[in-house]
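Be aware that the sequence shown starts at 213, since it is given in my numbering, and climbs by one per residue. We treat Cβ as the ideally placed atom computed from N, Cα and C, and that holds for glycine. See below for the structure under consideration.
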Amino acid sequence: MFNLKRQKLAKKIRDKNFFIAPGVFDMLSARIADKLNFDALYMTGYGTVASYLGLPDAGLASYRDMVNRVGVIASGVSKPLIADADTGYGGLINIAQTIKGYESSGACALHIEDQVNPKRCGHTKGKQLVSKDEMCSRLKVALDSRSDENFLIIARTDSLSEEGLANACRRSESYIKTGVDMLFVEGYRTISEMKEITSNFNNIPIMINLSEAGNTPKLDSNQLMELGFTLAIFPGTAFSASAATMQFVYKKLFDDKSTSRLSIPLLKGNDMHKLMGFEDIWNFENKWK
């Protein structure tokens, strides 16, 4: 099952057919997104750490925390899953383990970044980078550790905000030479920065993060295609909307001690049952009663 999903995703990315991937962070969000005709889903690191551990995305989650979530989500959806693998969770031997673990757990692609360990969310302050050579070693180990060439390795760099555009280009060029399948430059601040990256590296698929929390210009799909991007992820959209809705509902319940005046859409009981797969349970029970 995972091999077929990997083949499909790998072909789409290698052919540079533009698509978007929504962020998912637990099985409820994954089930909802999986009902729609997205080409892939993206397991957000920030949202996964927050929903699973209740902690900030600051290098506090372990490899085991994340690979367990990869396995649960990848096994529970029909779409290919692209996953955040942070820095690889340690040294080179840990990165090798991360690649093997994510692959065997069902991910179809992952990205490794050039921050030090522990890392920081790409849209927060305090990021520090490893050397270009050290990151190249990470990527070479990642590529060597996969068993399926359709399990895609994406090189992410946070150097744009920390070292400037020129260094981001230098790092990107070196990372691409390792043989990675895709480039991911984090933290664009202007369209001109986007153009510089996509024009200089048009020999490889390029991914962009359109987090609402960041400073990246919010462009539509046509604009992104014209610039030369292959994949746009929206990691925090549903996560932020969920948090805002829960804040509102809990505050309303605390204030009113009732839901009688709650005026937001709620998923009705039977619709929730269907979403969670109760129809399969009912059919099984009817067959074997």
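Query, Result
"Do the CB positions of Ala450 and Ile420 come within less than 7 Å of each other?", "no"
"Which of the three DSSP states is assigned to Asp296 in this structure?", "strand"
"Please report the distance separating the alpha-carbon of Ala378 from that of Pro477.", "48 Å"
"Between the Cα of Ala252 and those of Ser317, Ser290, Ser274, Asp238, spot the shortest distance and give me the residue it belongs to.", "Ser290"
"Hey, quick one: how far does the beta strand (DSSP E) through Ile416 stretch, first residue to last?", "Element bounds for Ile416: n/a, residue is neither H nor E."
"Out of Ile311, Leu351, Ala308, state which residue places its alpha-carbon closest to the alpha-carbon of Gln327.", "Leu351"
"How many angstroms separate the CA atom of Pro330 from the CA atom of Ile418?", "25 Å"
"What residue does the beta strand (DSSP E) around Ala367 start on, and which one ends it?", "364-369"
"By Cβ distance below 6 Å, which residues in the same chain neighbour Met348 in space, the five residues on each side in sequence not counted?", "The question names Met, but residue 348 is Cys in the sequence shown. Cβ neighbours of Cys348 beyond the five flanking positions: Ser386, Thr390."
"My parser needs the alpha helix (DSSP H) runs of 4 or more residues fully inside the region 248-335; what are they?", "257-265, 275-288, 304-317"
"Can you say whether Gly266 is buried or exposed, counting buried as having 16 or more other CB atoms within 10 angstroms of its CB?", "exposed"
"Out of Ser404, Arg358, Ile366, which has the shortest C-alpha to C-alpha gap to Gly376?", "Ser404"
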